[in-house]
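*Asks:*
Number of protein chains: 2
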Amino acid sequence: MNIRFGCKNSGPSDGCLFRKIKTKRQLAIADREQELLSLAERLMAEEGFSGLTMDKLVAACSYSKGTVYNHFSSKEDLLCALCIKCMETELTMFSQALTFEGNSREKLLAVCYAYRLHAVLNPTLFYCVLTAKTPAVSEKAKPERLQRQQELEQQLADICNHLFEHAMAAGDLQSPPAVPLSQLSFAAWAMAFGSNALLLAAGTTQLLKELQAENALLFNINLLLDGMGWQPLSRDWDYKASWQKIGQEVFKQELSTFREQGMAPGQRGKHP
Amino acid sequence: MNIRFGCKNSGPSDGCLFRKIKTKRQLAIADREQELLSLAERLMAEEGFSGLTMDKLVAACSYSKGTVYNHFSSKEDLLCALCIKCMETELTMFSQALTFEGNSREKLLAVCYAYRLHAVLNPTLFYCVLTAKTPAVSEKAKPERLQRQQELEQQLADICNHLFEHAMAAGDLQSPPAVPLSQLSFAAWAMAFGSNALLLAAGTTQLLKELQAENALLFNINLLLDGMGWQPLSRDWDYKASWQKIGQEVFKQELSTFREQGMAPGQRGKHP
DNA sequence: TCGTCAACATGACGATTCGTCATTAAATTA
DNA sequence: TAATTTAATGACGAATCGTCATGTTGACGA
Numbered sequence: 011m012n013i014r015f016g017c018k019n020s021g022p023s024d025g026c027l028f029r030k031i032k033t034k035r036q037l038a039i040a041d042r043e044q045e046l047l048s049l050a051e052r053l054m055a056e057e058g059f060s061g062l063t064m065d066k067l068v069a070a071c072s073y074s075k076g077t078v079y080n081h082f083s084s085k086e087d088l089l090c091a092l093c094i095k096c097m098e099t100e101l102t103m104f105s106q107a108l109t110f111e112g113n114s115r116e117k118l119l120a121v122c123y124a125y126r127l128h129a130v131l132n133p134t135l136f137y138c139v140l141t142a143k144t145p146a147v148s149e150k151a152k153p154e155r156l157q158r159q160q161e162l163e164q165q166l167a168d169i170c171n172h173l174f175e176h177a178m179a180a181g182d183l184q185s186p187p188a189v190p191l192s193q194l195s196f197a198a199w200a201m202a203f204g205s206n207a208l209l210l211a212a213g214t215t216q217l218l219k220e221l222q223a224e225n226a227l228l229f230n231i232n233l234l235l236d237g238m239g240w241q242p243l244s245r246d247w248d249y250k251a252s253w254q255k256i257g258q259e260v261f262k263q264e265l266s267t268f269r270e271q272g273m274a275p276g277q278r279g280k281h282p
Numbered sequence: 011m012n013i014r015f016g017c018k019n020s021g022p023s024d025g026c027l028f029r030k031i032k033t034k035r036q037l038a039i040a041d042r043e044q045e046l047l048s049l050a051e052r053l054m055a056e057e058g059f060s061g062l063t064m065d066k067l068v069a070a071c072s073y074s075k076g077t078v079y080n081h082f083s084s085k086e087d088l089l090c091a092l093c094i095k096c097m098e099t100e101l102t103m104f105s106q107a108l109t110f111e112g113n114s115r116e117k118l119l120a121v122c123y124a125y126r127l128h129a130v131l132n133p134t135l136f137y138c139v140l141t142a143k144t145p146a147v148s149e150k151a152k153p154e155r156l157q158r159q160q161e162l163e164q165q166l167a168d169i170c171n172h173l174f175e176h177a178m179a180a181g182d183l184q185s186p187p188a189v190p191l192s193q194l195s196f197a198a199w200a201m202a203f204g205s206n207a208l209l210l211a212a213g214t215t216q217l218l219k220e221l222q223a224e225n226a227l228l229f230n231i232n233l234l235l236d237g238m239g240w241q242p243l244s245r246d247w248d249y250k251a252s253w254q255k256i257g258q259e260v261f262k263q264e265l266s267t268f269r270e271q272g273m274a275p276g277q278r279g280k281h282p
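Going down the list, the protein sequences come from chains C and D.
When you line the first sequence up against our numbering, it's residues 11 to 282, in that order.
When you line the second sequence up against our numbering, it's residues 11 to 282, in that order.
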């Protein structure tokens, strides 16, 4: 028996979770996992959250049920995998946002912009991330996947934390005494998350129709950062201009794709 | 044929959704709906979100499947009904919070306290409200229920809006020009919601363990209200003391119940 | 080239769950 | 009480989940 990092009994799906892919066979398996994930993403976008079932996925792909279950040990595991894919995309967009040239506060805004844009482009995946944190899901997902999920969460949080450090180093922000940086960072995260979630639900709720959803996140975050005393304050700087500049300079491509199609690729359907 | 507000073909569950309950029969039906809801709530608390199935509910009650389906046209409809029950409880607790004597800002804090307390006491119901806004649910729920849900949402939002009006009338808060009050109110709502959701997930996530979850919502809201310029600012007032005072004066009973049992009644189980 | 064996693929299958509907029972009205 | 409307019942079919015995493949050594 080959000694291969405990591959025994673990099925083919490990291929893409390990850092190094060895054989071409494992490579093919990892490829297939991505293929299945893309298919699942499309199914969910087309037919909504509950429209994604294992049976449908099996029917839609060219593999058998057993093979699909070799990749995803349960529906929850598949959901978790989708969540991971979503967060990886977020991470990419966040990194893209960090390239924006501006003061420390504008950089945080750029990340918020990325967060919002990602949510608008992938509303169903946003729900997916929400439910993936539900105990119902995390209890049935593969441990490796949960670990990967936490890794990504940490990386996303690190980006946010780093922006706060940067601001303090630049002298734009002073943390109150006895308040750890993570607390401030959490506040920003909570605001961004809450705004995004409510704005997404607002389409359903219709309670917030009069609200100008386009700039609501910017408005909310500005209030919060003003409360932190993050310089320059919103009364001393035109952050609305920054916001638009971020869109034009960093996410031009995503925005044009969005506007052309009315919706993002694969997001045309309903979400039943 | 009797003319009875179109009761035909509508099943027994209407009884409790109409404003007036007529016959004793309808009264009994409305009672049974509450009985079923309480049972469903307990099932969900004990066995988690996915532990609640229609079949289990039928097995756990003394009625037949058809009868249960006369009340709740689908699983999603049941979920929506639970969401409504949850929001009604919230509304009660919010009203309770409004009795707190204090300045305008403290009153808002009291409502936030109620929101947080409710979420901690009923974590599974919190998830329930989240998912009830999902298209998957709202598309299959009864129209009357969706309407009731929106009514409640409006009432909750009104409470929040009214607090802002009160603050402006008292001179504690000035809305920036060209910014509707609802925008400010939405910011507070988003912050409270986001903080609560993340804090709930934090138990799972473990990313925020170092965070002092107990006061995180207070901290976040304070930052936001400071950003709005809501007087007195947090540097001029001991809101931590207010927070504790709210708990002691308004929610003493809930807190003691919480501490005695370690968890709220019916919330002892896991959430798979 | 072939044999061997571990790893992988297959799809039939049992178990749940959802929701329906023909039938039976009860309540209301005449 | 008879007639009629309304509600309750649970057997049933369809859909879904996840498993497992069986068949297949491909890597590797001879």
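Glycine residues also receive a C-beta, built at the ideal position from the N, C-alpha and C atoms.
Please read all numbers here as calculations on a predicted model, not as lab measurements.
(1) Mind checking the segment 132-157 of chain D against chain C and listing, in chain order, the residues whose C-beta falls within less than 7 Å of any C-beta there?
(2) Curious, which full-length alpha helix (DSSP H) runs of at least 4 residues does the segment 67-100 of chain D contain?
(3) Please state whether the Cβ-Cβ distance between residue 210 (chain D) and residue 227 (chain D) is less than 9 Å.
(4) Is the segment 150-159 of chain D close to the segment 251-262 of chain D, with three or more CB pairs under 8 Å?
(5) Let me make sure I understand the geometry here. Which of C:103, C:121, C:87 has the alpha-carbon closest to that of residue 201 (chain C)?
(6) Write down every uninterrupted run of the beta strand (DSSP E) in the segment 204-274 of chain D whose length is 3 residues or greater and which is fully enclosed by it, in chain order.
(7) Suppose the cutoff is 8 Å on Cβ atoms and the five residues either side in sequence are ignored; what does the same chain contact list for residue 104 (chain D) look like?
(8) Does any residue of chain C have a CB that is nearer than 9 Å to the CB of residue 182 (chain D)?
(9) How about residue 84 (chain D) and residue 151 (chain D): do their beta carbons lie closer than 9 Å?
(10) Which chain C residues sit within Cβ distance under 9 Å of residue 238 (chain D)?
(11) Taking 9 Å as the CB-CB cut-off, is residue 230 (chain D) touching chain C?
(12) Inspect the beta-carbon positions of residue 8 (chain D) and residue 54 (chain D) and report whether they are closer than 9 Å.
(13) Going straight from the alpha carbon of residue 110 (chain C) to that of residue 116 (chain C), what length do you get?
(14) Please check the pair residue 198 (chain C) and residue 234 (chain C), which I expect to be a contact at CB under 8 Å, by giving their CB distance rounded to whole angstroms.
(15) Report the residue from D:130, D:148, D:66, D:251 whose alpha carbon sits nearest the alpha carbon of residue 212 (chain D).
(16) Return the residue from the list D:50, D:193, D:136 that minimises the CA-CA distance to residue 67 (chain D).
(17) By a C-beta neighbour count over all protein chains shown, 10 Å radius and 16 as the cutoff for buried, is residue 144 (chain D) buried or exposed?
(18) If you drop the 5 nearest sequence neighbours on each side, which residues of the same chain put their C-beta closer than 8 Å to that of residue 242 (chain D)?
(19) Cα-Cα, which of D:36, D:59, D:236 is closest to residue 89 (chain D)?
(20) Flag this pair as yes or no: are the beta carbons of residue 47 (chain C) and residue 92 (chain C) separated by less than 9 Å?
(21) Hey, quick one: how far does the alpha helix (DSSP H) through residue 60 (chain C) stretch, first residue to last?
(22) In terms of residue numbering, what span does the alpha helix (DSSP H) encompassing residue 136 (chain C) cover?
(23) Check the Cβ of residue 58 (chain D) against every Cβ in chain C and list those closer than 8 Å, keeping chain order.
(24) Can you check which of these residues, C:237, C:270, C:100, C:187, is closest to residue 163 (chain C) by C-alpha distance?
(25) State the Cα-Cα distance for the pair residue 37 (chain D) and residue 173 (chain D), rounded to the nearest angstrom.
(26) Report the neighbours of residue 62 (chain D) on chain C: residues whose CB is nearer than 8 Å to its CB, in chain order.
(27) Mind checking whether residue 42 (chain C) and residue 79 (chain C) have CB atoms under 9 Å apart?
(28) Assign residue 3 (chain C) to one of three DSSP states: helix, strand, or coil.
(29) Can you list, in chain order, the residues of its chain whose CB lies under 6 Å from that of residue 285 (chain D), leaving out five sequence neighbours each side?
(30) By how many angstroms is the C-alpha of residue 224 (chain C) removed from the C-alpha of residue 266 (chain C)?
(31) Count the other C-beta atoms from every protein chain shown that fall within 10 angstroms of the C-beta of residue 34 (chain C), then say buried if there are 16 or more, exposed otherwise.
(32) Mapping the DSSP letters down to three states, classify residue 121 (chain C) as helix, strand or coil.
(33) Counting only beta-carbon separations shorter than 9 Å, does residue 194 (chain C) have a partner in chain D?
(34) Tell me which same chain residues have a C-beta within less than 6 Å of the C-beta of residue 95 (chain C), skipping the five on either side of it?
*Replies:* Reading from the atomic positions:
(1) 137, 140, 143, 144, 145, 146, 148, 149
(2) 75-81
(3) In the second sequence, counting from the first residue as 1, residue 210 (chain D) sits at position 200. In the second sequence, counting from the first residue as 1, residue 227 (chain D) sits at position 217. Cβ atoms of residue 210 (chain D) and residue 227 (chain D): not closer than 9 Å.
(4) no
(5) The sequence position of residue 201 (chain C) within the first sequence is 191, counting from 1. When only C-alpha atoms are compared, the closest one is C:121.
(6) none
(7) Position 94 of the second sequence holds residue 104 (chain D). Same-chain partners within the cutoff: 121, 124, 125, 166, 169.
(8) Your numbering for residue 182 (chain D) matches position 172 in the second sequence. For residue 182 (chain D), the answer is no, since every Cβ of chain C falls outside 9 Å of its Cβ.
(9) Taking the second sequence and counting its residues from 1, the one referred to as residue 84 (chain D) is at position 74. Taking the second sequence and counting its residues from 1, the one referred to as residue 151 (chain D) is at position 141. Yes, Cβ-Cβ distance for residue 84 (chain D) and residue 151 (chain D) is below 9 Å.
(10) Counting from 1 along the second sequence, the entry for residue 238 (chain D) is found at position 228. In chain order: 233, 236, 237.
(11) The residue labelled residue 230 (chain D) in the question sits at position 220 within the second sequence. Output row for residue 230 (chain D): interface = yes.
(12) Here chain D has residues from 11 to 282 only, and residue 8 (chain D) is not among them.
(13) By one-based count along the first sequence, residue 110 (chain C) stands at place 100. By one-based count along the first sequence, residue 116 (chain C) stands at place 106. Taking the straight line from one Cα to the other gives about 8 Å.
(14) For the purposes of this step, residue 198 (chain C) is identified with residue 188 of the first sequence, where counting begins at 1. For the purposes of this step, residue 234 (chain C) is identified with residue 224 of the first sequence, where counting begins at 1. That pair is a contact at about 6 Å.
(15) Here residue 212 (chain D) refers to the residue found at position 202 of the second sequence. Minimum Cα distance to residue 212 (chain D) is reached at D:130.
(16) The count along the second sequence starts at 1 and reaches residue 67 (chain D) at position 57. Residue D:50 is the option with its Cα nearest to residue 67 (chain D).
(17) By 1-based counting over the second sequence, the position of residue 144 (chain D) is 134. Residue 144 (chain D) should be labelled buried.
(18) Start at 1 with the first residue of the second sequence, and residue 242 (chain D) comes out as number 232. Cβ within range, chain order: 113, 115, 182.
(19) Here residue 89 (chain D) refers to the residue found at position 79 of the second sequence. Of the candidates D:36, D:59, D:236, the one whose C-alpha sits nearest the C-alpha of residue 89 (chain D) is D:59.
(20) As a working mapping, residue 47 (chain C) is identified with position 37 in the first sequence. As a working mapping, residue 92 (chain C) is identified with position 82 in the first sequence. Yes, Cβ-Cβ distance for residue 47 (chain C) and residue 92 (chain C) is below 9 Å.
(21) As a working note, residue 60 (chain C) is residue 50 in the first sequence. From DSSP, residue 60 (chain C) is part of no alpha helix (DSSP H); its letter is neither H nor E.
(22) Here residue 136 (chain C) is taken as the residue at index 126 of the first sequence, counted from 1. Its alpha helix (DSSP H) spans residues 133-142.
(23) Walking along the second sequence from the start, residue 58 (chain D) turns up at place 48. Chain C residues near residue 58 (chain D): 145, 146.
(24) Translated into positions along the first sequence, residue 163 (chain C) becomes position 153. For the residues C:237, C:270, C:100, C:187, the minimum Cα distance to residue 163 (chain C) belongs to C:100.
(25) Locating residue 37 (chain D) in the second sequence gives position 27, where the first residue counts as 1. Locating residue 173 (chain D) in the second sequence gives position 163, where the first residue counts as 1. Straight-line Cα distance between these residues: approximately 37 Å.
(26) The residue given as residue 62 (chain D) occupies position 52 in the second sequence. Chain C residues near residue 62 (chain D): none, gap ~10 Å exceeds 8 Å.
(27) As a position in the first sequence, residue 42 (chain C) is number 32, starting the count at 1. As a position in the first sequence, residue 79 (chain C) is number 69, starting the count at 1. The answer is no: Cβ separation not under 9 Å.
(28) Past the edges of chain C, shown from 11 to 282, lies residue 3 (chain C), and the structure says nothing about it.
(29) The first residue shown for chain D is 11 and the last is 282, placing residue 285 (chain D) beyond what the model contains.
(30) Start at 1 with the first residue of the first sequence, and residue 266 (chain C) comes out as number 256. Start at 1 with the first residue of the first sequence, and residue 224 (chain C) comes out as number 214. Computed Cα separation, rounded: 16 Å.
(31) Residue mapping note: residue 34 (chain C) aligns to position 24 of the first sequence, counting from 1. Under this definition residue 34 (chain C) is an exposed residue.
(32) Position 111 of the first sequence, counted from the start, is the residue given in the question as residue 121 (chain C). Three-state result, residue 121 (chain C): helix.
(33) For this step, residue 194 (chain C) is matched to residue 184 along the first sequence. Yes - at least one Cβ of chain D is within 9 Å of the one on residue 194 (chain C).
(34) Position 85 of the first sequence, counted from the first residue, corresponds to residue 95 (chain C). Within the same chain, residue 95 (chain C) has close Cβ partners 47.
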